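S.K.:
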RNA sequence: GGACGAUUAGCUCAGUUGGCUAGAGCAUCUCGUUUACACCGAGAGGGUCGUAGGUUCGAGUCCUACAUCGUCCACCA
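Residue numbers (the working numbering): 7 to 826.
Have a look at this one:
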């Protein structure tokens, strides 16, 4: 029974589950999420690109927080009459998705090595299908959060338009010499069989052994003896007095793991004299520092560990062994030769692990594609700058602001340490690199991507069958970095291959209308991965900044301040379960109140339940109003009659101004706390209590309530929309309810209504009432029908207020405020 | 090793450019079924704002040092 239109039968408790999905449907049908359909004249664009959730898994509570924050900003802007767009989309999440699907195939179909057994085409087909399914699931969950997203503009990092953008940027960078292919030391993940970028590394402190080995006349120290087979260079600082007798380039014979070798002395300033013995041997193939030293002195490099993480034939009897296993055995052998001088059993050092695979990474030399971050060829503000410099400039100049601003320091710190970005990945799922190779001359051997090949880089494949495309795909962040503008490119236009990238941008109406975007709201944990790279790629490709403000939220932790993790299901708060139990609005409040940008927050069911109670309070305030207002009444905003009226109007307008200021400065939590406090502790606790005792409150009640519904709407869209409709059915008021949905306008401050003197008077009155109640409470036991009131307490009140005070305290005292 | 945070009531946290007699929610205690709400109402207790200095008419807020916890970064052999 739909009894909710009969006010007398409005239930005492608000049941979000009964109304939320219908309300969302109405919103979608209204078309208001699409700025093209918004009423009014709108020119000032307000755009947010939704950070695309990964195509894997489901929505977690971190996503929920992100959606709540962005929806608040978006709804507020829309109600203010701005040209408001929120673009959604999905990220293909290359490595993450591919490994999830591979594992799924292995488990469900018992195919050991899907890549080998099914082939590239079939595997990609499966991944596509998987992504389609999980995209639909995620989008429904985004809807459940109430996000007022323009679904008609949904983007996807693997769609043709974005692929076009990716290829265009790649080619442009290649032609500018910003993308190059070269043998560099990369982070190799033996588990996933691909390179990963510096930012995809997790470092972990581990305890291990530290071995001191006799190497000819020197003692060298290492934690990785298994890399030492090929070491034939011994390096020391040129100024080290201990080794002054040895000259750069000196050679000597010495006994080593698998027999005698000839070693060469190298002097290099990278050596720390204080550390260990001040001497080390180098393994350029498997260590970043060593690689740099070898490069400086043009030394030989040799691979010791293969791509699976096993020792190569150079290791002799140890060949084929995994490194950990080999380590002990090598030491045993060295010990038998008397070459181990000392073993430090308790040595902490850090190791690199892949943040996806969690497996140990091995530095390897490999020919890969890189983006040069130091080459000064980027046009920016009339100068030639490097990508690094442009990234610095955007924030330094204030073009982009980061909230909270302390992250600007962290951002600069990251740029200072930034190396060339390795962008090629040896996986299938992703944007394939638009590079093609052709064997030079008439060699019959296979194309090997080496220097002897011709290279062609372009949007379209080159003519001729002998060209073979690079098998590798691009780092997923390469495409995500284009997100703010690639999603605004007109999809039809992008099919026209005759247009340049610049043409595409110039001719895409959405790009011109909505870019740069207004706010990028995302977690601080992907500041480097994504935010910085959007700045890098967007400034380069479009000449524009991607966004004006970066708002960073913190992590959502469990009740005990721990990260929620899949391995500990009891710590996980599932947003969908919370929505089911408490309603979306309550969850949204719990995710916003008490949080501040850049700081982690704790979430518990208790907190959500607390805000569920508040939602119900709003419901009952509205219920009271509707029970006390004649059905079908035509409401006008009449002049305030009593002190209480003037007071609530003054407070209401102060609140509107305060809410505006807070929201403009991204202080969402404080905006909400002011609203909460007014609604409950001023409107409900005082004004409504007085409204029960004073006459003619209909106009004022509708005015305050409808204003509050609008102020609250960005934060708690469902319950406010629901009440808005009920109220619209109940009374007529300034035509505000006729369009049924709360879209516009945002309440304006009536400065005339703000009166500090009135507020002060009312505060005095409140004080008296509280004092009486307090007195009554402390004398509860002796009290019967009446109570003695000190003259001083009530003497300031006029007759009218004295009556009111009596009524509010259920105390009778004599007229003139005299004691009884 | 470098950088950045946090430290405010029993718990979780706000506190905007220095003006605060330091706030909220939860928890605790007392009272209360007054026709919006027990997912409620009325009241109470509870903090020398990590420590030590400094700047200022005035500091939770700015500066310095220290302590504890946490996060990020780094090519320590």
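We treat Cβ as the ideally placed atom computed from N, Cα and C, and that holds for glycine.
Only a predicted model underlies this, so the values are computations on that prediction, with no experimental measurement involved.
(1) Might you give, ordered along the chain, the residues of its own chain that have their beta carbon closer than 8 Å to the beta carbon of residue 787, omitting 5 neighbours on each side?
(2) Short check: CB of residue 107 to CB of residue 132, under 8 Å?
(3) Compute the distance between the beta-carbons of residue 560 and residue 530, then report whether it is under 8 Å.
(4) Under 8 Å between the Cβ atoms of residue 376 and residue 546?
(5) Looking at the strands, I want to know which residues DSSP matches up with residue 161.
(6) Which residues does DSSP list as the beta-bridge partners of residue 559?
(7) How should residue 573 be labelled, buried or exposed, when 16 other C-beta atoms within 10 angstroms of its C-beta is the threshold for buried?
(8) State whether the region 92-111 contacts the region 467-483, with contact taken as three or more CB pairs (one from each stretch) at a distance under 8 Å.
(9) Can you name, in chain order, every residue of its own chain whose Cβ lies under 7 Å from the Cβ of residue 138, other than the five neighbours on each side?
(10) My understanding is that residue 563 touches residue 606, with C-beta atoms under 8 Å, so please give their C-beta distance in whole angstroms.
(11) Could you tell me whether the Cβ atoms of residue 551 and residue 515 are closer together than 8 Å?
(12) Quick test of your reading: residue 2 and residue 26, contact by CB under 8 Å. State the CB separation rounded to the nearest angstrom.
(13) To test your reading of the DSSP string, which unbroken alpha helix (DSSP H) runs of 4 or more residues are found completely within the region 566-630?
(14) Could you give the distance in angstroms between the alpha-carbon of residue 553 and the alpha-carbon of residue 178?
(15) Expressed to the nearest angstrom, what Euclidean distance is found between the alpha-carbon atoms of residue 360 and residue 34?
(16) Locate the alpha helix (DSSP H) running through residue 651, then write down its first and last residues.
(17) Using the beta-carbon count (16 or more within 10 Å), is residue 39 buried or exposed?
(18) How about the region 763-781 and the region 649-659: do they share at least three Cβ pairs that are nearer than 8 Å?
(19) Is it right to say residue 195 is buried, meaning 16 or more other beta carbons lie within 10 angstroms of its own, or is it exposed?
(20) Grab me the residues of residue 67's own chain with a C-beta within less than 6 Å of its C-beta, minus the 5 sequence neighbours each way, in chain order.
(21) Look up residue 154 in the DSSP assignment and say whether it is helix, strand or coil.
(22) Are there three or more Cβ pairs, one per stretch, closer than 8 Å when the region 324-343 is compared with the region 225-241?
(23) Leaving out five residues on either side along the sequence, give the residues of the same chain with a beta carbon under 6 Å from the beta carbon of residue 166.
(24) Beta-carbon within less than 7 Å of residue 463's beta-carbon, same chain only, minus the 5 sequence neighbours each way: which residues are those?
(25) Let me know the beta strand (DSSP E) ranges lying completely inside the region 160-246, each 3 residues or longer, listed in chain order.
(26) Give the secondary structure of residue 132 by DSSP, where H, G and I count as helix, E and B as strand, and everything else as coil.
(27) From residue 387 to residue 663, what distance separates their C-alpha atoms?
(28) DSSP state of residue 827, grouped into three classes?
(29) Could you tell me how far apart the beta carbons of residue 730 and residue 715 are, in whole angstroms, since I believe they sit closer than 8 Å?
(30) Here's the rule I'm using: 16 or more other beta-carbon atoms within 10 Å means buried, otherwise exposed. How should residue 351 be labelled?
(31) Report, in whole angstroms, the separation of the C-beta atoms of residue 322 and residue 264, which I expect to be a contact under 8 Å.
(32) Excluding the 5 residues flanking residue 267 on each side, which residues of the same chain have their C-beta closer than 7 Å to its C-beta?
(33) Return the bridge partner residues of residue 440 from the DSSP annotation.
(34) Could you say if the region 312-329 and the region 280-287 meet the contact criterion of at least three C-beta pairs nearer than 8 Å?
(35) Is the separation between the beta-carbon of residue 63 and that of residue 140 shorter than 8 Å?
(36) Would you check if the region 688-707 and the region 615-633 touch, i.e. whether three or more CB-CB distances between them fall below 8 Å?
M.R.: With the given structure in hand:
(1) In the first chain, counting from the first residue as 1, residue 787 sits at position 781. Since pLDDT at residue 787 reaches only 43, below the 50 mark, its modelled position is unreliable, and the value read off the structure follows with that caveat. Within the same chain, residue 787 has no close Cβ partners at all.
(2) Position 101 of the first chain, counted from the start, is the residue given in the question as residue 107. Position 126 of the first chain, counted from the start, is the residue given in the question as residue 132. Yes, the Cβ-Cβ distance between residue 107 and residue 132 is below 8 Å.
(3) As a working mapping, residue 560 is identified with position 554 in the first chain. As a working mapping, residue 530 is identified with position 524 in the first chain. Cβ atoms of residue 560 and residue 530: closer than 8 Å.
(4) In the first chain, residue 376 corresponds to position 370, counting from 1. In the first chain, residue 546 corresponds to position 540, counting from 1. The answer is no: Cβ separation not under 8 Å.
(5) Position 155 of the first chain, counted from the first residue, corresponds to residue 161. Paired residues: 95.
(6) If you number the first chain from 1, residue 559 lands on position 553. According to DSSP, residue 559 bridges with 529.
(7) Locating residue 573 in the first chain gives position 567, where the first residue counts as 1. Exposed, because fewer than 16 other Cβ atoms sit within 10 Å of the Cβ of residue 573.
(8) yes
(9) As a position in the first chain, residue 138 is number 132, starting the count at 1. So the list is empty, once near-sequence residues are dropped.
(10) Position 557 of the first chain holds residue 563. Position 600 of the first chain holds residue 606. That belief holds up - the Cβ atoms of residue 563 and residue 606 are roughly 5 Å apart, short of 8 Å.
(11) Here residue 551 refers to the residue found at position 545 of the first chain. Here residue 515 refers to the residue found at position 509 of the first chain. Cβ distance not < 8 Å, so residue 551 and residue 515 don't count as in contact.
(12) A query on residue 2 cannot be resolved here, the shown segment of the chain reaching from 7 to 826 and no further.
(13) 581-588 and 590-598
(14) Within the first chain, the letter at position 547 stands for residue 553. Within the first chain, the letter at position 172 stands for residue 178. Cα to Cα, residue 553 sits roughly 22 Å from residue 178.
(15) Reading the first chain from its first residue, position 354 is the one you call residue 360. Reading the first chain from its first residue, position 28 is the one you call residue 34. About 41 Å.
(16) Indexing the first chain from 1 puts residue 651 at position 645. From DSSP, the alpha helix (DSSP H) with residue 651 extends over 649-670.
(17) Taking the first residue of the first chain as position 1, residue 39 is located at position 33. Residue 39 comes out buried.
(18) yes
(19) Your numbering for residue 195 matches position 189 in the first chain. Its Cβ being crowded by 16 or more others within 10 Å, residue 195 is buried.
(20) To locate residue 67, count along the first chain from 1; it is residue 61. Cβ within range, chain order: 562, 579 and 581.
(21) By one-based count along the first chain, residue 154 stands at place 148. If DSSP states are grouped into helix, strand and coil, residue 154 belongs with coil.
(22) yes
(23) In the first chain, the residue the question calls residue 166 occupies position 160. Hits under 6 Å: none found.
(24) Numbered from 1 along the first chain, position 457 holds the residue referred to as residue 463. Once the five neighbours on either side are set aside, the close Cβ partners of residue 463 are 177, 180, 440 and 441.
(25) 185-195, 200-202, 207-221, 224-228 and 239-242
(26) What you label residue 132 is simply residue 126 of the first chain in a count that begins at 1. It is helical.
(27) Position 381 of the first chain holds residue 387. Position 657 of the first chain holds residue 663. Cα-Cα distance, rounded: 38 Å.
(28) Missing from the structure shown is residue 827; the chain here goes from 7 to 826 and no further.
(29) Along the first chain, read from residue 1 onward, the residue named residue 730 stands at position 724. Along the first chain, read from residue 1 onward, the residue named residue 715 stands at position 709. 5 Å between Cβ atoms; contact.
(30) Within the first chain, the letter at position 345 stands for residue 351. Classification for residue 351: exposed.
(31) Mapped onto the first chain, residue 322 falls at position 316. Mapped onto the first chain, residue 264 falls at position 258. Yes, residue 322 and residue 264 are in contact; Cβ-Cβ is about 4 Å, under 8 Å.
(32) The count along the first chain starts at 1 and reaches residue 267 at position 261. Cβ neighbours of residue 267 beyond the five flanking positions: 238 and 260.
(33) Locating residue 440 in the first chain gives position 434, where the first residue counts as 1. Answer by DSSP bridge pairing: none, since residue 440 is not bridged.
(34) no
(35) Within the first chain, residue 63 is the residue found at index 57, counting from 1. Within the first chain, residue 140 is the residue found at index 134, counting from 1. Taking 8 Å as the Cβ cut-off, residue 63 and residue 140 qualify as a contacting pair.
(36) yes
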